[in-house]
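Positions -25 to -1, 1 to 234 (mature numbering (1 follows the signal peptide of the UniProt record, and there is no 0)) are the ones given, in order, by the sequence shown.
Notes follow the structure.
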Amino acid sequence: MLRNKRFAWTLTAVGVFALAGLVGACDPEDDPTPGTQNDAGTKTDAGTNTDAGTNTDAGTNTDAGTETDAGTNTDAGTTTDAGTETDAGVDAGTQTTLPLAVDGTWAASGYMGAGGQGGLVDEPICHTPRPGAGLGNCHKFTATQKGDAWAGVFWQFPEGAWADDPRVGFLVPDGAKSVTFYAWGESGGEVVDFFVGYGDTTKDGFTKKINVTLTNEPKQYTLDISKVRYAEVGAGFGWSAGGLDVKPLVLFIDDIQWK
């Protein structure tokens, strides 16, 4: 109700002022130079405040709104790249101390004999429970005759680097006295050579080897390196066996470590 009353009073006031204007315009005692009222009418020029209305340009503060570009700080969010410190974590992983798992340091990539001819399969099949500390991977090797009746594998660093590869081996921490592992055969009685190092080469400069007749249950074996002067090692471990012309070889290896 109050609002309606105010509106009514406003209309009344507008009517009064409009009537007064009409009366004034008809008053003969006004300035006899009515044209000058047109000059006053130049207030229409003042109406050029519409130019001031160009404050709509100021409305281009919407450009300032391009601070949304600043919102491209989402690019700064690419600090997720810095999250690639996980890569650094891989490098840090190679800065390990003893005992040192062979798997994950050296790669079982150096297939030999029938192994290099497609006659060797490596499967991650573990004994239950896993023997020893269970470091590294479980291996079930199945070797069959191809062109050769023998097979073997070198664990290499870098992966695929043989003795004549100019790339350096893995820098093993000081103090290792042995390379230990668990091995067993499917039937027992399998004869296998186990070794570490490429031999008297510029790659490693040493080798140690043992010849073992396996049982069909996990048993720990040791390669003694207590008198070996090592540094960067290309061949962290390996094995070879013959007799594939008689029957295939099924060999299990686990928990290979330098310590």
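Where is the CB? At the ideal position from N, CA and C, for every residue including glycine.
Quick one, are the C-beta atoms of Ala118 and Pro223 less than 8 Å apart? Counting from one through the sequence shown, the residue named residue 118 turns up at place 143. Counting from one through the sequence shown, the residue named residue 223 turns up at place 248. Yes, these two residues count as a Cβ contact at 8 Å.
Assuming Leu224 is part of the beta strand (DSSP E), what are its boundary residues? As a working mapping, residue 224 is identified with position 249 in the sequence shown. Residue range Leu224 to Trp233 is occupied by the beta strand (DSSP E) that includes Leu224.
According to DSSP, residues forming a beta bridge with Ile185: The sequence position of residue 185 within the sequence shown is 210, counting from 1. Answer is Phe169.
For a test of the three-state rule: what should DSSP assign to Gly127, helix, strand or coil? In the sequence shown, residue 127 corresponds to position 152, counting from 1. In this structure, Gly127 counts as strand in the three-state DSSP scheme.
DSSP beta-bridge partners for Gln195? By one-based count along the sequence shown, residue 195 stands at place 220. In DSSP, Gln195 forms a bridge with Tyr157.
The region 216 to 232 contacting the region 109 to 123, beta-carbon criterion three pairs below 8 Å: Cβ pair count under 8 Å is three or more, so yes.
Along the beta strand (DSSP E) that carries Lys115, what are the first and last residues, could you check? Mapped onto the sequence shown, residue 115 falls at position 140. That run of the beta strand (DSSP E) goes His114 to Ala118.
Taking 8 Å as the cut-off, decide whether the C-beta atoms of Leu219 and Ala126 are in contact. Position 244 of the sequence shown, counted from the first residue, corresponds to residue 219. Position 151 of the sequence shown, counted from the first residue, corresponds to residue 126. For Leu219 and Ala126, yes; Cβs fall inside 8 Å.
Tell me which residues share the same chain as Gly174 and place their Cβ nearer than 6 Å to its Cβ, disregarding the 5 neighbours each side in the sequence. Here the question's residue 174 lines up with position 199 in the sequence shown. Counting only Cβ-Cβ distances below 6 Å, and skipping sequence neighbours, we find Thr182.
Hey, quick one: how far does the beta strand (DSSP E) through Asp140 stretch, first residue to last? Sequence index remark: in the sequence shown, residue 140 carries index 165 (1-based). No beta strand (DSSP E) contains Asp140, which DSSP labels as neither H nor E.
In terms of alpha-carbon separation, which member of Gly160, Asp149 and Phe145 lies closest to Ala82? Position 107 of the sequence shown holds residue 82. Comparing Cα-Cα distances from Ala82 to each of Gly160, Asp149 and Phe145, the minimum goes to Phe145.
Going by DSSP, what residue range makes up the beta strand (DSSP E) through Phe132? Mapped onto the sequence shown, residue 132 falls at position 157. Annotation for Phe132: no beta strand (DSSP E) segment contains it, and DSSP assigns it neither H nor E.
Can you tell me the Cβ-Cβ gap for Trp130 and Val77, rounded? I've got them flagged as a contact below 8 Å. To locate residue 130, count along the sequence shown from 1; it is residue 155. To locate residue 77, count along the sequence shown from 1; it is residue 102. In this structure Trp130 is in contact with Val77, their Cβ atoms being roughly 5 Å apart against a cut-off of 8 Å.
Helix, strand or coil for Ala89? Go by DSSP, reduced to three states. Numbered from 1 along the sequence shown, position 114 holds the residue referred to as residue 89. Looking at Ala89 - three-state DSSP - the assignment turns out to be helix.
Over the uninterrupted beta strand (DSSP E) stretch that includes Asp97, give me the two end residues. Locating residue 97 in the sequence shown gives position 122, where the first residue counts as 1. Asp97 -> beta strand (DSSP E) spans Leu95 to Glu98.
C-beta contact flag for Phe169 and Tyr196 at 8 Å: As a working mapping, residue 169 is identified with position 194 in the sequence shown. As a working mapping, residue 196 is identified with position 221 in the sequence shown. With respect to the 8 Å criterion, Phe169 and Tyr196 are classified as neighbours on the basis of their beta carbons.
Apart from the five residues on each side of it in sequence, which residues of its chain come closer than 6 Å, Cβ to Cβ, to His102? Taking the first residue of the sequence shown as position 1, residue 102 is located at position 127. So the qualifying residues of the chain are Pro193.
Would you report the Cα separation of Arg105 and Leu226, rounded to the nearest angstrom? Reading the sequence shown from its first residue, position 130 is the one you call residue 105. Reading the sequence shown from its first residue, position 251 is the one you call residue 226. A straight-line Cα-Cα distance of about 15 Å links Arg105 and Leu226.
What distance in whole Å lies between the Cβ atoms of Ser215 and Glu134, which are believed to be in contact at a cut-off of 8 Å? Translated into the one-based positions of the sequence shown, residue 134 becomes position 159. Translated into the one-based positions of the sequence shown, residue 215 becomes position 240. At roughly 19 Å, the Cβ-Cβ gap does not stay under 8 Å, so Glu134 and Ser215 are not in contact.
Does Val203 come out as helix, strand or coil in the three-state DSSP assignment? For the purposes of this step, residue 203 is identified with residue 228 of the sequence shown, where counting begins at 1. The answer is coil: DSSP assigns Val203 none of H, G, I, E or B.
Residues near Leu(-7) by beta carbon distance below 7 Å, same chain, minus five either side: Taking the sequence shown and counting its residues from 1, one reaches residue -7 at position 19. For Leu(-7), the predicted structure reports a pLDDT of 27, less than 50, and the residue's modelled location is therefore unreliable. The matter cannot be settled from this model.
Coil, strand or helix - Ala108 by DSSP: The sequence position of residue 108 within the sequence shown is 133, counting from 1. DSSP places Ala108 in coil when its eight states are reduced to three.
Confirm, please, whether the CB-CB distance from Ser162 to Ser201 is below 8 Å. Here the question's residue 201 lines up with position 226 in the sequence shown. Here the question's residue 162 lines up with position 187 in the sequence shown. Taking 8 Å as the Cβ cut-off, Ser201 and Ser162 do not qualify as a contacting pair.
Leaving aside the five residues before and after Met87 along the sequence, list all residues of the same chain whose C-beta is less than 6 Å from its C-beta, in chain order. Sequence index remark: in the sequence shown, residue 87 carries index 112 (1-based). Closer than 6 Å at the Cβ level, and outside the excluded window around Met87, lie Gly127.
Could you work out which residue in Ile228, Lys115, Gly150 and Lys121 is closest to Gly93 when comparing CA atoms only? Here the question's residue 93 lines up with position 118 in the sequence shown. That would be Lys121, whose Cα lies nearest to the Cα of Gly93.
Nearest-angstrom Cα distance between Val208 and Val167? In the sequence shown, the residue the question calls residue 208 occupies position 233. In the sequence shown, the residue the question calls residue 167 occupies position 192. Distance between the alpha carbons of Val208 and Val167 is about 22 Å.
Rounded distance between the beta-carbons of Arg142 and residue 262, thought under 8 Å: Residue 262 falls outside the range modelled here, since the chain spans only -25 to 234, and no answer is possible.
With a CB to CB cut of under 8 Å and the five nearest residues on each side skipped, what residues in its chain are close to Leu73? The sequence position of residue 73 within the sequence shown is 98, counting from 1. Within the same chain, Cβ atoms closer than 8 Å to the Cβ of Leu73 are found at Pro148, Gly150, Ala151, Trp233 and Lys234, the five residues on either side in sequence being excluded.
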